[in-house]
Amino acid sequence: MTITIGVHASNPSLFHLFHLTRLGLAQQELEPLGESVAFHPYSNGVRTGELLTRGVIDFGGTG
Numbered sequence: 000m001t002i003t004i005g006v007h008a009s010n011p012s013l014f015h016l017f018h019l020t021r022l023g024l025a026q027q028e029l030e031p032l033g034e035s036v037a038f039h040p041y042s043n044g045v046r047t048g049e050l051l052t053r054g055v056i057d058f059g060g061t062g
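Note that numbering that gives the first Met the number 0 gives residue 40 to position 41 of the sequence shown, counting from 1, and the numbers run on in steps of one.
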């Protein structure tokens, strides 16, 4: 299963997690569990509710 995380610059925790995945860290942790992660960048936290409702992301933050 792939978990899609919404990221934007106004949410530092998720934004930094997004950049750490470039090093493969999230994938290394999730792979043994049979999981994977995908990131969906977007402009700001105002869109988080909309993206969750539409099923575009599974997890996101507002800032």
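Beta carbons are placed, not taken as given, at the ideal position from N, Cα and C, and that holds for glycine.
To the nearest angstrom, report how far apart residue i and residue j are at their CA atoms.
i	j	result
Y41	T3	12 angstroms
F14	A8	6 angstroms
L19	F38	11 angstroms
E49	V6	14 angstroms
Whole-angstrom Cβ separation of residue i and residue j, contact assumed at under 8 angstroms?
i	j	result
T47	T61	5 angstroms
A25	L16	7 angstroms
Let's test the definition: count the other Cβ atoms within 10 Å of the Cβ of residue i and tell me whether it reaches 16, buried, or not, exposed.
i	result
V45	exposed
N43	exposed
G59	buried
G23	exposed
G54	exposed
Reducing DSSP to helix, strand and coil, say where residue i ends up.
i	result
H7	coil
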